[in-house]
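Remarks on the structure that follows.
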Amino acid sequence: MAQLIEYLYLADIAYASKADGQPTAFGWTTQKWEWATWYGDGFQGGIFVDPAGDEVIVAFAGTKGSLSTAPISQNTANLRIGLHVIPNMAGSAHAMVRWAQENYPLARLSIVGHSLGGGLAQVVGNWTGVPFISFNGPGMAGHLKLSAFNVFKPKQMLRSIRSDATGRSSGISFVVRHDFIGSYGKHVGHFFLLDQNGGDTHSLQAIRRGLHNHGLLRREPQDVSARWTG
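Sequential numbering from 0 applies to the sequence shown in numbering that gives the first Met the number 0.
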């Protein structure tokens, strides 16, 4: 079974740029990948399979850059979340998880994401019943409840109506104390507050330090070249 450190690295690798090429990490192979486009729905993520072929993790990227450098599509998604609306990219994220379910029916399947990607992990985990880990993602429980009444988004509405109550979802949200994004809204599933040393609260480095401080990281692979994007 994948360790927390592997979820951390896959959440980071989900931020890869086209210049990096299709990413891979410590034996996990990339089976499907989608790049974020400037004017599309902004979704980026990949499906990773472990060396034994019996575990699959779907990783969602967060916002790639700052407000001035990120794709318009991703800034639009963040704005929608601020307005308590599930962003359109959740449909693409849902489709990727459904593809993994259909193509790896016997594998242990889970979802991971950081920041905006962590919000998507909560939403899609709730819709599909797939276990998820969210790192400093915004709380999306309220968004899911409201989407069940959003007749302007019928697909989202039906998924939210059919899904379990957000408190019963099989997932966990790790949030660094005082992180602005992670502190927003009520989270889906379980919630774990991390304490860490340093002024940075949002990046994956901050999550990593917090997990270390709580004794939750058992090992660190030696052959990982993660960029630790924020």
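We put the beta carbon where it would ideally sit given N, CA and C, even for glycine.
Quantities reported herein were computed from a predicted structural model and do not represent experimental measurements.
In this structure, E54 places its C-beta atom within 8 Å of the C-beta atom of M0. Around the beta carbon of L210, 16 or more other beta carbons sit within 10 angstroms, so the residue counts as buried.
In the three-state scheme derived from DSSP, where H, G and I count as helix and E and B as strand, R176 is classed as coil. Taking the CA atoms as reference points, N74 sits about 10 Å from G61. Shown here, V96 sits in a helix according to DSSP, grouped into three states.
Nearest to V129 by C-alpha distance, out of N135, L119 and G136, is L119. For I12, the enclosing alpha helix (DSSP H) stretches over residues L3 to I12. Between the C-alpha atoms of R79 and T29 there is a straight-line separation of about 30 Å. Non-local C-beta neighbours of G26 in its own chain, meaning closer than 8 Å and more than five positions away in sequence, comprise D49 and P50, ordered along the chain.
Under the DSSP assignment, A51 falls outside any alpha helix (DSSP H); it carries neither an H nor an E label.
Burial is judged here by how many other beta carbons sit within 10 angstroms of a residue's own beta carbon; H189 has fewer than 16 and is exposed. In the structure shown, the three-state DSSP call for L215 is coil. By DSSP's assignment, A58 forms a beta bridge with G45 and V111.
A residue is called buried when at least 16 other Cβ atoms come within 10 angstroms of its Cβ; R208 meets this threshold and is buried. With respect to V174, G184 sits apart: the two C-beta atoms are not nearer than 8 Å. Straight across, the Cα-Cα distance linking D178 with S202 is about 9 Å. Approximately 14 Å separates the beta-carbon atoms of K31 and I12; this is outside 8 Å, ruling out the contact. Burial of L9 is indicated by the presence of at least 16 other C-beta atoms within 10 angstroms of its C-beta.
Annotation: K31 is outside any alpha helix (DSSP H); the continuous beta strand (DSSP E) that includes it extends over T28 to E33.
Under the three-state reduction of DSSP output, I85 falls in the coil class, being neither helix nor strand.
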